[in-house]
Amino acid sequence: MPYVMTNYLQLLFSTFVLAVVVYVVVQVIRVVHHDLALQTHKRSTELLTEIAACTKQYVLNRCDPPEARVPAMEARCGAWERCMAQD
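Okay, so the sequence shown: first residue is 1 according to full-length UniProt numbering, each after it adds one.
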């Protein structure tokens, strides 16, 4: 009888330890996923802000239509155009 009880207690303890390990692994995965999602959102926001600034400069400096550009602004207009085309 004590041998059977010892086996059941060992099974219960092993199950508990396994549950704790699984819980910790799941929590680590959730934290990493949340962190990646947060970084992705942050980068997207930064990119949209940069695109908006480039668009504003492109319009303010009258880069459109390309034929009407001032020659001295050709390089800057091209840079703003590439900036606006980012994904």
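Ideal Cβ positions, reconstructed from N, Cα and C, are used throughout, including at glycine.
The structure presented is a predicted model; accordingly, all values stated were derived computationally and were not measured.
Shown here, residue 86 sits in coil according to DSSP, grouped into three states, outside any helix or strand.
DSSP places residue 46 in the uninterrupted alpha helix (DSSP H) bounded by 2-60. Distance from the Cα of residue 80 is smallest, within the candidate group 68, 55 and 72, for 55.
Per the coordinates, the alpha-carbon of residue 20 lies some 12 angstroms from the alpha-carbon of residue 12.
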